[in-house]
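Only one structure is covered here, and it is reproduced in the block below.
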Amino acid sequence: MEKPLTQHIVPGRAPLSLKEYEKVGGYQSVRKILKEMSPADVQTLVKDSDLRGRGGAGFNTGLKWSFVPMGPEAAKPKYLVANADEMEPGTFKDRVLLEGNPHQLIEGMIVAAYAIDASISYIFMRWAYKVAAREIIKALDEAYEAGYLGENILGSGFNLDMHLHTGVGRYMCGEETALLNALEGKRANPRAKPPFPQVSGLFGKPTIVNNVETLCCLPHIINNGAEWFKGLSKTGDAGTKLYGISGRVKTPGCWELPMGTTIRELIEEHGGGMQDGYLFKGLLPGGASTDFLVEEHLDLPMDYTAIQAAGSRMGTGTMIILDDQTCPVGFVHNLQHFFAQESCGFCTPCREGLPWVEKILLAIDRGEGKPEHLLTLDFHTKYLGPGNTFCALAPGAMEPLQSALKYFREDFERHIHEHHCPWSKAKVWQPSI
Amino acid sequence: MATIYIDDKPYEVPTGKNLLEAVLTLGKDLPYFCWHPAMGSIGACRQCAVKVYKDENDTKGKLFMSCMEQVRDGMRISIADMEAKEFRAHVIGWLMTNHPHDCAVCDEGGSCHLQDMTVMTGHNYRAYRFDKRTYINQYLGPFINHEMNRCIQCYRCVRYYKDYAGGKDLDVFAAHNHLYFGRHEDGVLESEFSGNLVEVCPTGVFTDKTLKQHYTRKWDLTMAPSVCHHCSLGCNISAGERYGTLRNITNRYNGEVNGYFLCDRGRFGYEHVNHVGRIRKPLVRAQLPEATDKLTALQAAAAAFRTGSVIGIGSPRASLESNFMLKTLVGDDNFHHGVSDTDHDLVGLALKILKEGAAPTPSMREVEQADAVFILGEDLINTAPMLALAVRQSVRKQPALEHISKANIPVWQDAAVRELMQNEMGPLFIATIQDTKLDEIATHTYNDSPDAIARLGFAVANFIHADFPEVQGLNEDELQLARQIADTLLAAKKPLVISGTHCGSERVLMATANIANALVAKEKEAGIVLTLPECNSMGLAKLGGHRLESAFEAILNGYADTVIILENDLYRRANAGIVTNFLKTAKNVIVIDHLHNATTEEADVLLAAGTFAEADGTLVNNEGRAQRFFQVYPTSEDLQESWRWLGELGTLLAHDRISHWHGFDDILQAMVKEQPELKGIEAVAPGTDFRIAGQKIPRAPHRFSGRTAMQADINVSEPKPPVDPDAPLSYTMEGYRGQPPSSIIPFFWAPGWNSAQATNKYQQEVGGHLKGGDPGLRLIKPDTSKTEPYTQTVPQKFQPLEGHLYMLPLHHIFGSEELSMHSPPIVERAPEPYVLLNEEDAIQMKLQVGENLSFTIEGQVYQVPVKISPHLRSGTAGLPAGLPGIPYAELPAWAILNRELKWKQQPQTTY
Amino acid sequence: MLTTEEKHKIDHEISLVPSPKNACIEALKIVQQSHGWVSDESLQDVADYVGMSPAELDSVATFYNLIFRRPVGRHVILVCDSISCWVMGYESIRDQLYQKLNIKYGQTTEDGRFTLLPNCCLGTCDRAPALMIDNDLYRDLTVEQLDEILEKYT
Ligand SMILES: Cc1cc2nc3c(=O)[nH]c(=O)nc-3n(C[C@H](O)[C@H](O)[C@H](O)COP(=O)(O)O)c2cc1C
Ligand code: SF4
Ligand code: FES
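Chains as they are written, first to last, in numbering that gives the first Met the number 0: chain A, 0 to 432; chain B, 0 to 910; chain C, 0 to 153.
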């Protein structure tokens with residue numbers, strides 16, 4: 000089984016140095032594109048590979064690039080940004096790539112930058128990834144030293160600067176337009192689309208934001224071709240995927256597997272099955288802002304298409320397991336507390352709606368819920384949908400809530416009718432402050 | 000034009016707009032908060048949702064924010080859709096989760112956009128049952144009250160204050176539902192345009208603190224359309240009264256003049272009307288200390304008239320009608336302009352330039368569209384504040400237009416435009432005697448003496464067109480700057496030069512005229528704006544009249560012995576010694592004014608004049624726009640318009656013409672006949688007889704309350720409402736309820752729209768001209784054929800003089816203007832007296848900040864604390880103009896330094 | 000007053016962006032690194048240095064979680080309170096910290112040693128519960144380990 004993205008990552012060992020990385024074929028893709036391919040060629044190849052963005056939305060990467068104005072008339076400089084913010088609760092896959100093989104990310108970023116003719120690039124990484132920061136800075140120095148970055152890269156005439164920017168904490172910074180505001184030294188409110196960042200992005204110039212995992216796929220696609228990449232997958236969505244599991248399984252972790260590996264295989268073979276004494280009740284397939292899946296979905300392949308068809312989203316592909324001893328109301332309450340705290344406060348439904356939802360869930364959790372509270376929750380799930388709020392944070396927040404109300408409605412109702420949480424006290428989510 | 004279908008009915012709407020604007024322009028109701036016609040869309044509040052359908056087969060549709068959707072031909076939308084309605088009601092529900100529901104004690108109640116939208120969406124019952132978040136409020140200075148708990152986080156305040164008006168000290172803090180809008184710490188809001196927050200804020204977070212002192216709800220105000228009297232721009236205002244006091248000033252939209260906004264001097268300077276120093280009854284000095292009645296006073300004045308030979312002194316802060324009446328009464332030969340000789344000449348020159356120059360004067364709306372601006376000699380924020388705000392928009396918007404059309408972003412999409420533009424600004428050059436607050440957005444600034452500014456201007460004209468005189472002896476930097484300015488103006492489509500009278504230099508005005516003419520000679524669509532000293536400086540100049548100096552001479556030389564002074568404190572016009580001598584020498588001094596001042600002290604007969612709020616009249620602003628203002632509330636018979644006093648005096652004296660005039664309309668007609676330059680002003684507003692459906696236009700909203708109780712402490716039976724003999728407006732709520740003609744809109748109100756946002760309903764197109772055209776008549780037409788240089792004479796370089804300082808006038812938005820300095824909140828913002836010195840000169844003179852400098856100007860001795868500026872040119876100094884506590888001197892002038900101070904001339908390079 | 004070193008670092012950040020304002024978050028981080036937090040004075044200094052008003056800069060500063068506008072202890076403990084850590088029982092860790100340090104979230108120990116703050120997902124959910132002290136990440140936590148961990152910080 001091929002694991003192109005993680006093949007050189009060994010837990011507990013330092014990432015490959017530039018020399019070591021080159022020895023195993025590192026930066027070959029850079030040499031190749033600079034010598035043999037035009038930016039348009041790279042765009043076409045990536046589009047053909049069916050690579051879909053790993054940041055959560057699953058948009059075709061090559062297609063996304065194609066909206067960047069090209070040619071001498073296009074505004075300059077253009078920017079490429081690696082989205083390494085990874086603050087979605089339950090998500091820890093980019094950390095593996097950032098800490099484990101920074102050169103692979105740099106290589107992927109050079110490919111992407113070349114494809115859109117960007118001359119400045121940033122890695123926007125969350126503050127908490129201290130080890131990754133150290134390794135990236137080291138790798139950037141090496142890459143500059145070796146002439147993979149800077150002016151006239153490998154004598155090709157292509158220039159690219161790359162900087163690491165670490166955030167100061169806000170989930171919103173992961174949303175690509177809010178990220179751009181954060182990079183500009185502003186409040187990380189999202190921006191309206193259109194105009195898309197491809198046209199007016201960082202500092203008002205054409206910009207592409209890609210997820211770390213998306214970018215790490217690029218060197219391999221360049222080296223091995225589109226067909227190879229599609230062949231890695233078990234289903235129609237191409238490539239491998241970094242999957243992860245957290246919660247009460249025996250061996251939680253993160254693994255690179257063929258796209259379309261089933262949920263059951265993930266939980267049972269890689270996660271080692273549920274911990275003793277715990278039963279599976281449901282899961283969020285790809286981070287906190289995806290809809291619950293339950294027992295009946297276990298045999299679904301984890302890819303964008305199948306999970307979407309089941310009414311959820313694959314999101315980041317890192318799933319969180321809800322076990323039978325954890326109160327689902329508490330579970331959702333914890334999530335809504337997070338979303339309410341992390342709402343940027345720009346638009347009304349999210350800013351005012353999420354705290355309301357949180358307060359209702361606390362009331363229900365404490366046994367103080369009223370039947371009409373469920374109606375209020377329902378209308379929030381209806382009206383905090385995509386397009387009704389300014390960005391995707393609030394709709395994301397509603398996904399676990401609406402599906403919990405669907406699959407676990409009885410549990411909500413029991414809280415209300417029995418005036419207390421049927422689960423043990425310790426499992427009631429207590430808000431922090 | 001595009002056709003859109005709203006709830007299945009087709010409508011024609013202009014393209015390029017967003018849906019919300021289009022829907023509102025059609026006269027339909029759709030709630031919104033974060034959008035504002037002057038500031039565009041950001042899509043934050045989500046209040047304006049409508050259903051948008053893909054095509055006629057799409058029955059489901061999807062919710063979209065109408066303010067963020069561009070109008071497209073064939074678009075199908077629904078406002079009435081149940082889901083859209085429910086969503087809009089929920090938006091109010093969400094906003095109300097933390098709103099305190101304190102309408103009953105909130106100053107915004109009754110003119111609250113949030114109340115209106117709440118009613119509009121039909122959100123009636125509160126579903127939220129948890130605790131509300133609360134905030135601590137801030138002290139924001141004398142103008143604005145802060146009550147953060149009412150905030151609905153629409154962001155309009157910061158977008159207005161920061162992005163639109165360039166303020167730096169109001170912002171949004173924190174995140175999620177802890178957003179806080181205010182300053183980073185308690186303190187006075189620094190912006191000179193902070194008052195607009197009151198109208199920009201859709202609820203009661205930012206309210207008018209001056210109104211709070213004598214609070215009245217909008218529905219209980221008696222309001223009249225008026226014109227701001229505090230500078231020469233003539234912004235349109237609505238003034239509101241109750242129980243005989245003026246309660247507040249609000250913006251009166253005029254699409255060409257002030258748009259949606261006012262400056263703080265204009266908004267908060269009104270308290271002179273309520274001042275304790277008001278003259279409320281006539282006085283005859285011989286009968287003091289008792290005030291007297293109207294007839295006695297008139298007879299005393301008439302007696303003086305009959306026995307003496309009379310001269311009259313008019314005023315630039317009095318209406319055309321009052322000045323005209325005085326002129327008629329005393330005769331053309333005996334009518335003098337009550338302005339300093341400098342101002343007399345400067346205003347005369349400005350008028351001449353505008354009439355004879357080739358370039359037209361743009362309105363403020365047009366200023367916003369200029370794509371390159373050069374300001375000579377004017378510190379606009381302090382001399383013509385709203386013009387500064389207009390220039391700011393031009394600089395902000397112009398470079399955007401090209402970019403955004405390239406990037407395919409609609410102009411109204413405010414945040415996207417700002418992100419695209421980043422820090423880019425349009426070209427703006429400022430040449431002034433010291434640094435100004437607008438400098439921060441200037442491409443280049445230049446600080447030097449007025450002559451140096453003029454020389455730079457002449458050089459620019461010469462670089463634009465070689466036929467214009469050349470300037471000798473400029474240094475390398477100046478040459479380069481002049482060339483850069485010339486090139487920039489030439490590269491622009493609508494270049495604009497701005498100057499004015501405030502630095503006291505005719506040469507600066509002439510240089511400006513040369514640039515404008517040179518640009519027109521190069522076939523540019525150039526504009527020229529000249530600011531003037533006072534609200535009716537232009538009107539007074541147009542009436543014609545002699546200098547003040549000749550009035551003094553007439554009395555001192557015995558040609559005349561009686562003077563009648565109209566709304567004018569001569570101590571603000573000439574040297575105190577001269578004025579005192581003049582007033583003492585005159586046998587009879589008759590003064591008509593509304594506030595006690597040094598001049599009224601010397602009056603033998605003092606007649607109590609109505610302020611702008613108690614008077615009808617016409618003013619001509621700096622662009623030559625004649626505008627009518629209307630009496631807000633009736634007065635006692637002892638206090639009346641100056642023109643009425645003069646009319647009654649004329650009648651008593653059996654003046655051959657005046658005795659035939661009965662009321663305002665007659666005066667207007669006579670004035671137009673005798674002053675051809677004023678032709679047309681009779682049509683600026685409908686005449687006294689104007690009626691709609693047989694009815695007058697009510698000054699009070701029809702929700703006006705408590706009328707029967709108002710006078711009940713005096714008399715339980717309700718008195719007959721006073722009748723206005725001079726205007727088609729009634730003093731009560733009775734009258735025509737529909738929209739009046741644009742020039743006589745007392746207040747903006749429409750069913751469902753109690754707040755200032757009702758303005759939308761009065762415009763041809765949202766944010767555009769008022770229905771029926773924006774009020775006011777332009778009296779000046781430039782002569783486009785005259786593209787030759789205005790003058791060939793270029794001034795010499797400024798030479799400092801040993802033992803002297805060339806004292807220049809410095810203007811203050813809060814402090815320099817006479818009437819507003821009777822408003823306590825304005826006084827609070829005014830500076831203490833000071834003299835501004837160049838940094839090196841101060842070192843030379845061994846003076847520290849705060850130490851006194853002593854000097855003499857024309858015999859007037861000054862002893863004033865020093866302030867220091869690195870920008871002021873060495874050898875010049877600045878003295879605040881018009882500031883109480885600083886005796887008047889005609890500036891610029893050479894100040895002779897007190898001998899104890901060692902002031903040595905610095906080495907100069909001469910050419 | 001900004002130190003020469005701080006200015007030097009800020010200058011570097013400014014050199015990477017089109018206008019000094021754009022480097023304001025970096026500048027705040029630099030100041031926070033040397034003082035532990037951003038005082039009103041520091042805010043003013045940074046604002047002056049990057050050409051912003053204090054209001055503008057504070058608007059940015061107060062948006063973010065990890066710019067501290069109030070003093071913090073010598074060490075900041077960030078306890079992950081997000082979903083996976085909750086499922087895995089992080090509350091016992093939190094309660095133990097409450098008890099040991101005798102402070103609650105948002106408070107600083109009397110000796111100024113620790114400030115305790117909740118924090119959202121630290122991105123190490125497979126090894127929950129987790130917390131961070133300054134730059135160090137601790138995961139697979141048990142209550143028993145806390146003493147030993149805290150001892151490292153003086
Ligand atoms: C609230 C919010 C948070 C997000 N956080 C992240 C993140 O941490 N990392 C990420 O790669 N994408 C995140 N995204 C998605 C990004 O907006 C964007 O779609 C993604 O970076 C695009 O990269 P891709 O095309 O390679 O997937 C977030 C989106 C939202 C709405
Ligand atoms: S949905 Fe609205 S408030 Fe929530 S994060 Fe997005 S823009 Fe901010
Ligand atoms: S007015 Fe349209 S979103 Fe606020």
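Each residue gets a CB set at the ideal place from its N, CA and C atoms; glycine is no exception.
Can you list the residues of chain C that residue i reaches, using a CB-CB cut of under 9 Å?
| i | result |
| --- | --- |
| Tyr26 (chain A) | Within chain C, no residue comes near Tyr26 (chain A); the closest Cβ sits about 24 Å away, beyond 9 Å. |
| Leu334 (chain A) | Ser81 and Ile82 |
Mark residue i as exposed unless 16 or more other C-beta atoms lie within 10 angstroms of its C-beta, in which case mark it buried.
| i | result |
| --- | --- |
| Met258 (chain A) | buried |
| Met363 (chain B) | buried |
| Thr14 (chain B) | exposed |
| Pro281 (chain B) | buried |
| Gln401 (chain A) | buried |
| Glu419 (chain A) | A small correction: the amino acid at residue 419 (chain A) is His; Glu does not occupy that position in the sequence shown. Burial call: exposed. |
| Ser729 (chain B) | buried |
| Arg69 (chain C) | exposed |
| Ala441 (chain B) | buried |
| His11 (chain C) | exposed |
| Thr291 (chain B) | buried |
List the residues that DSSP assigns as beta-bridge partners of residue i.
| i | result |
| --- | --- |
| Ile497 (chain B) | B:Ile374 and B:Val528 |
| Leu427 (chain B) | B:Val372 |
| Gly181 (chain B) | B:Asp170 |
| Glu255 (chain A) | A:Leu241 |
| His74 (chain C) | C:Phe113 |
What residues of chain C sit near residue i, judged by a beta carbon separation below 7 Å?
| i | result |
| --- | --- |
| Ala183 (chain B) | Note that residue 183 (chain B) corresponds to His in the displayed sequence, not to Ala. Chain C residues near His183 (chain B): Pro53, Ala54 and Asp57. |
| Leu62 (chain B) | Simply none; closest approach about 28 Å. |
Leaving out the 5 sequence neighbours to the left and right, which residues in its chain are closer than 7 Å to residue i when beta-carbon positions are compared?
| i | result |
| --- | --- |
| Ala111 (chain A) | Leu79, Ile207, Asn209, Leu214 and Leu217 |
| Asp322 (chain A) | Gly246, Arg247, Met273, Tyr277, Leu278, Phe279 and Lys280 |
| Gln904 (chain B) | With a pLDDT of only 47 at Gln904 (chain B), under the threshold of 50, the placement of this residue in the model should not be trusted; the figure read from the coordinates follows. Cβ within range, chain order: Pro799 and Glu801. |
Throw me the rounded Cβ distance for the residue i and residue j pair, which I believe falls under 8 Å.
| i | j | result |
| --- | --- | --- |
| Thr149 (chain C) | Lys99 (chain C) | According to the sequence as given, residue 149 (chain C) is Leu; it is not Thr. Going by Cβ atoms, the distance from Leu149 (chain C) to Lys99 (chain C) rounds to 7 Å, so yes, they are a contact pair. |
So which residues on chain A does residue i lean against when the C-beta distance must stay under 8 Å?
| i | result |
| --- | --- |
| Cys44 (chain B) | Cys346 and Thr347 |
Excluding sequence positions up to five away, which residues of its chain have a Cβ less than 8 Å from the Cβ of residue i?
| i | result |
| --- | --- |
| Thr908 (chain B) | With a pLDDT of 43 at Thr908 (chain B), under the threshold of 50, the predicted position of this residue should be treated as unreliable, and no value is reported. |
| Leu96 (chain A) | Leu4, Thr5, Ile8, Gln103, Leu104, Val211, Glu212, Cys215 and Leu241 |
| Thr650 (chain B) | Ile657 and Ser658 |
Residue i versus chain A: which residues are under 9 Å apart at the beta carbon?
| i | result |
| --- | --- |
| Ile691 (chain B) | Result: empty, since nearest Cβ-Cβ is about 41 Å, beyond 9 Å. |
| His122 (chain B) | Neighbours of His122 (chain B) on chain A: none; closest Cβ ~13 Å, over 9 Å. |
Taking residue i as the query, report the chain C residues whose CB atoms sit under 8 Å from its CB, ordered along the chain.
| i | result |
| --- | --- |
| Pro88 (chain A) | Ser81, Ile82, Ser83, Cys119, Cys120 and Cys124 |
Taking residue i as the query, report the chain A residues whose CB atoms sit under 7 Å from its CB, ordered along the chain.
| i | result |
| --- | --- |
| Leu178 (chain B) | Gly344 |
| Ala127 (chain C) | Ser245 |
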